[in-house]
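**Student:** Shown below is the structure under consideration.
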Amino acid sequence: MTEGIQNVSKPQIKVENLNLWYGEKQALKNVSMHIPRNSITALIGPSGCGKSTFIRCLNRMNDLINNCRIEGKVTIESNNIYGPDVDVVDLRKSVGMVFQKPNPFPMSIYDNVAYGPRIHGANRKDLDGIVEQALHSAAIWDEVSDRLKSPALSLSGGQQQRLCIARTLAVKPKIILFDEPTSALDPISTLRIEDLTMNLKKDYTIVIVTHNMQQAARISDYTGFFLMGELIEFGQTKQIFQNPREKSTEDYITGRFG
Amino acid sequence: MELNADVKESDHKATRVQGGLNFRLNAKTSEKIAFAFLGLSVLIVVGFVLVILAYIVYNGYNAINIGFLTEMPRLMMTQGGIYPAIVGTLYLIIGSMTVALPVGVMVAIYLNEYAGETRTTWLIEMAINNLAGTPSVVFGLFGLALFVKYFGFGPSLLSSSLTLSLLILPVIIRATEEALLTVPKEYRESSLALGVSKWQTIRHVVLPAAIPGIVTGSVLSIGRVAGETAPILFTGVAYFLPRLPDSVYSQFMALPYHLFVLATAGTNIAKTRSIQYGTALVLLIIVLGLNLVAVLIRRHYRKKLKV
């Protein structure tokens, strides 16, 4: 879809003619999208429209699903991530992901954040600094600095989600994918996460799937609207919300369906 | 019209019959009856366990003293202790667990985490299920043919331990698979999304979360190793051997077989009655003790995992 191609001078993520099937069922149809560096791109659309499936193509999480077949091209920093010599483990180091349900490991707060760097061979004496910095960036340091050794599962839902963001940041990715990160949280925690993502965009490229249209309008620079596996419209958030080109985009945004 | 009326009448009859039987219980009554049956079942089970335990303790506790636990059998096993049988059973537990636990856990990890849902996997699962249902005497014969004869280990601790490890392998595999299944998919996903490889994810996140379940399964199999007679009968247990095994190629005594010998083939069955019950009691205590250890291990890991 040409609508997906933006006039972005140096897109960091380039998706071209992406098709995806779960067995016989086609979940993504010919999706093309250019996502610029250091921006927030929101993906909206009704349940089952393919937005989560799409975001999981960007760090190849769909590889984990049996009989999932992908065609097309996804380029990140001019590397085809579906190329034959790509190491998926390395890809996921540079493309982090935060999930819908806060899912810290059953370990201490410290160990959760240190988990990634530790396995990737961080120096033991650097670890404290990495953990502290990640917790600072995820805006949760002040709440947990005095109890880093207590279990992560003792935190509230919103805190757990920010801890998961810190865990992702500690691996030092370039891109962070958010898959409906606030749908399990209360409004105040949601706002904190939104503020956080807006702060993070100066260092990271952010792609966020959301059910919440106000959220997309509040935080994103670009918005893509998915329907039945197709990217119906993609553009600057202002334009999508104030002056959508497609009738179905307008219908969805104004709440006529979805 | 006539037909219609007929239908109506039969309908009416049906309701009347139902009403006549009046067999529909109200919720409260059915709740009470169900509760009574369920509670009764529990009482029967607990009752039998307690009776068996009490019977063995009552008849056996007189036999137990330091000498009984630390001395060799004397005078055709009518006097003295059961020390070699205790040691033999402990060796069997250690030997078979050393083999079966790592292999079983690795098989379960492979089947659950790596193998896809293919026909081959299905066949392997079927084979494991069948292995679990095979009578233990068949394992004994198999152990005799393979370990004792073909590999030439002779009737020995080694042959018996290997035979027993085959017997408990399916139990450990099943338990580990169940435990792995209870580890939330989210743990795996979020670890992989951090650029952590599959094996590292299994080692650092999945296995620690599965340990309580694995321990439970292992304990069940320890109980079997301690109690089985048929598999060791063919592969190495001795009728009477007043010394400890000095290598893995030695024969050995074991508690369940010693009990069997005393009770059925001893030189003076009536005279050894209290030794028999004492032996049973020791066997029970060993199994219960190991159960307790496992519960403690499980609780330790649960505490570490949960809040």
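Top line first, the protein sequences correspond to chains A and B. Just so you know, we're using my numbering here: the first sequence kicks off at 1 and counts up by one. Just so you know, we're using my numbering here: the second sequence kicks off at 1001 and counts up by one. Backbone N, C-alpha and C define an ideal beta-carbon position, used for all residues, glycine too. Everything numeric in this text was worked out from a predicted model, so none of it was measured.
(1) Grab me the residues of A/C68's own chain with a C-beta within less than 6 angstroms of its C-beta, minus the 5 sequence neighbours each way, in chain order.
(2) Counting only C-beta atoms, is A/M213 closer than 8 angstroms to chain B at any point?
(3) Express the C-alpha separation of A/N59 and B/T997 in angstroms, rounding to a whole number.
(4) What residues of chain A sit near B/E1186, judged by a beta carbon separation below 7 angstroms?
(5) Would you identify the three-state DSSP class for B/Y1187, choosing helix, strand or coil?
(6) Among all the DSSP beta bridges, which residues are the ones paired with A/P261?
(7) Mind checking if B/L1180 is an interface residue toward chain A, Cβ cutoff 8 angstroms exclusive?
(8) Below 8 angstroms on C-beta distance, what does A/I55 contact in chain B?
(9) Please identify the residue among B/L1181, B/V1295 and B/L1194 whose C-alpha is closest to the C-alpha of A/K172.
(10) Nearest chain A C-beta to B/H1204 closer than 8 angstroms, yes or no?
(11) Give the secondary structure of B/M1253 by DSSP, where H, G and I count as helix, E and B as strand, and everything else as coil.
(12) Just grab the DSSP bridge partners of A/T223 for me.
(13) Using the rule of at least 16 other Cβ atoms within 10 Å of the residue's Cβ for burial, across every protein chain shown, is B/A1085 buried or exposed?
(14) Of all Cβ atoms in chain A, is any one closer than 8 angstroms to the Cβ of B/Q1200?
(15) Got a sec? Which residues, its chain only, sit under 6 angstroms from B/T1089 by beta carbon, not counting five neighbours each side?
(16) In chain order, what residues of the same chain have a beta carbon less than 7 angstroms from the beta carbon of B/G1140, not counting five sequence neighbours either side?
(17) My assumption, with CB atoms under 8 angstroms, is that B/A1132 sits in contact with B/L1180. Please give the rounded CB distance.
(18) Which whole-angstrom value is the C-beta distance of A/F226 and A/L91, which I expect to be below 8 angstroms?
(19) Using 8 angstroms for Cβ pairs, my map puts A/Q159 next to A/P181. What's the rounded Cβ distance?
(20) Specify the secondary structure class of B/K1271 as computed by DSSP and reduced to three states.
(21) Give me the DSSP bridge partner(s) of B/H1204.
(22) Beta-carbon within less than 7 angstroms of B/S1197's beta-carbon, same chain only, minus the 5 sequence neighbours each way: which residues are those?
(23) Quick check on B/P1155: does DSSP put it in helix, strand or coil?
(24) Can you list the residues of chain B that A/P123 reaches, using a CB-CB cut of under 8 angstroms?
(25) What is the rounded straight-line gap between the Cα of B/W1199 and the Cα of B/F1153?
(26) Per DSSP, what kind of secondary structure is A/S150 in: helix, strand or coil?
(27) Whole angstroms is fine: what's the gap from A/K51's alpha carbon to A/H34's?
(28) Considering only residues of the region 51-81 of chain A, which uninterrupted beta strand (DSSP E) runs meet the minimum length of 3 residues and lie entirely inside it, listed in chain order?
(29) With B/A1294 and B/V1219 assumed to form a contact (beta carbons below 8 angstroms), what rounded beta-carbon distance in angstroms separates them?
(30) From which residue to which residue does the alpha helix (DSSP H) around A/S97 run?
(31) Does chain A have any CB closer than 8 angstroms to the CB of B/A1210?
(32) Only counting the same chain, and skipping five residues up and downstream in sequence, which positions put a Cβ closer than 7 angstroms to that of A/L169?
(33) Would you mind sorting B/E1009 into buried or exposed? The rule is 16 or more other CB atoms within 10 Å of its CB.
(34) Quick one: does B/G1289 have its CB under 8 angstroms from some CB of chain A?
(35) Report the neighbours of A/G116 on chain B: residues whose CB is nearer than 9 angstroms to its CB, in chain order.
(36) Counting only Cβ pairs nearer than 8 angstroms, list the residues of chain B close to A/C164.
**Tutor:** According to the structure data:
(1) Y22 and N62
(2) no
(3) Because residue 997 of chain B is not part of the residues shown, which for chain B are 1001 to 1307, the question remains open.
(4) F99, K101 and N103
(5) helix
(6) Outside the shown range of chain A (1 to 258) lies residue 261 of chain A, about which nothing can therefore be said.
(7) no
(8) Here the premise fails: no neighbours, minimum Cβ distance about 11 angstroms.
(9) B/L1194
(10) yes
(11) coil
(12) A/A42 and A/G235
(13) buried
(14) yes
(15) A1226, A1254 and L1255
(16) T1163, A1230, P1231, L1233, F1234 and T1235
(17) Their Cβ separation, rounded to whole angstroms, is 17 angstroms, which puts B/A1132 and B/L1180 out of contact at 8 angstroms.
(18) Not confirmed; about 23 angstroms, so no contact.
(19) That pair is no contact at about 13 angstroms.
(20) coil
(21) Paired residue(s): none; B/H1204 is not in a bridge.
(22) none
(23) coil
(24) Pro is not the amino acid found at residue 123 of chain A; the sequence shown has Asn there. Within chain B, no residue comes near A/N123; the closest Cβ sits about 18 angstroms away, beyond 8 angstroms.
(25) 36 angstroms
(26) coil
(27) 15 angstroms
(28) 68-76
(29) 4 angstroms
(30) What sits at residue 97 of chain A in the sequence shown is Met, not Ser. Careful: A/M97 lies outside any alpha helix (DSSP H), inside the beta strand (DSSP E) at V95 to V98.
(31) no
(32) A134, S137 and A138
(33) Residue confidence is low: B/E1009 scores 48 on pLDDT, short of 50, so the model does not pin down where it sits. Its coordinate-derived value is still stated next. When all chains shown are included, B/E1009 counts as exposed.
(34) no
(35) S1191, L1194, G1195 and V1196
(36) S1190
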